[in-house]
DNA sequence: ATGCATGAGTA
DNA sequence: ACTCATGCATA
């Protein structure tokens with residue numbers, strides 16, 4: 019219901035889909051989308067992209083490593099932990115941080131959900147996503163600690179007769195089967211998906227999305243070796 | 001904290 | 001039809 023402008027940026031757009039499989043990309047790719055939150059990621063991605071571009075210029079052809087501390091997994095991990103620690107010290111919840119980001123008047127930066135803050139702290143986001151969010155959360159942390167006496171508010175009360183989204187739950191047996199299929203073929207064809215769906219008596223779309231989410235999981239910082 | 005889902009951007 | 005960032009709903 020609330021509208022924060024959308025942004026379009028060639029830099030981020032040009033590096034959207036990563037060439038999975040080849041020598042790991044030290045590039046920054048991030049996408050913008052979703053309402054207000056979209057703008058946030060967009061801005062962050064833009065900044066990082068610019069920085070990477072500058073550093074990339076050095077490596078002519080053969081080299082492709084970015085020794086930037088901001089992209090170093092260890093640095094991110096350390097920051098995430100420090101962040102959580104200090105956040106708790108401030109007596110602020112993950113949800114609070116998320117909404118407070120909007121009050122931080124960074125151009126194009128809106129609010130984020132409790133889910134995203136949680137995932138940032140637990141490193142269960144993609145490496146690129148972590149890099150994009152770090153500067154934003156760091157800015158919030160500094161401001162929050164600086165004005166530790168201020169008050170925070172988030173009077174967002176709006177309601178109507180909106181239909182609640184239902185979360186379909188896949189039973190354990192079916193889930194095990196899916197995992198088995200995934201181990202053999204992480205990217206089944208549409209036909210294969212249809213077959214699996216029928217066999218497990220699940221909607222084809224549910225199966226398709228399950229595979230998509232499973233692939234994303236593998237790319238999360240915490241479990242991916244492809245930093 | 002995490003499962004299933006959406007939507008923009010890309011190919 | 002996929003990837004990727006992100007979120008609602010829920011355990």
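Residue numbers (my numbering): 19 to 245. Note that the Cβ used here is the ideal one computed from N, Cα and C, for glycine as well. Since the structure is predicted, the reported quantities are computational estimates derived from the model, not experimental observations.
query, result
"The segment 89 to 108 contacting the segment 139 to 158, beta-carbon criterion three pairs below 8 Å", "yes"
"CA-to-CA distance, residue 188 to residue 197, given in whole angstroms", "12 Å"
"Inter-residue Cα distance where the pair is residue 108 and residue 166", "7 Å"
"Residues that DSSP places opposite residue 238 in a beta bridge", "144"
"Residue 238 vs residue 133 beta-carbon contact at 8 Å", "no"
"Straight-line Cα distance separating residue 221 from residue 91", "38 Å"
"Distance, residue 236 Cα to residue 242 Cα", "6 Å"
"Beta-carbon separation (whole angstroms), residue 215 vs residue 225, contact threshold 8 Å", "4 Å"
"Beta carbon of residue 119 nearer than 8 Å to that of residue 126", "no"
"For residue 222, the three-state DSSP class (helix, strand or coil)", "helix"
"Run of the alpha helix (DSSP H) containing residue 127, from where it starts to where it stops", "Element bounds for residue 127: n/a, residue is neither H nor E."
"Whole-angstrom C-beta distance between residue 149 and residue 124, which should lie under 8 Å", "With 8 Å as the limit, residue 124 and residue 149 do not qualify as a contact, their Cβ atoms being about 16 Å apart."
"CA-to-CA distance, residue 105 to residue 161, given in whole angstroms", "12 Å"
"Per-residue DSSP class, three states only, for residue 134", "helix"
"Exposure label - residue 1; buried when at least 16 CB within 10 Å", "Because the chain is modelled from 19 through 245, residue 1 falls outside the range shown and cannot be assessed."
"Residue range of the alpha helix (DSSP H) that includes residue 115", "112 to 121"
"Cβ-based neighbour list, residue 116, same chain, cut-off 6 Å, excluding 5 preceding and 5 following", "129, 130, 131, 132, 135"
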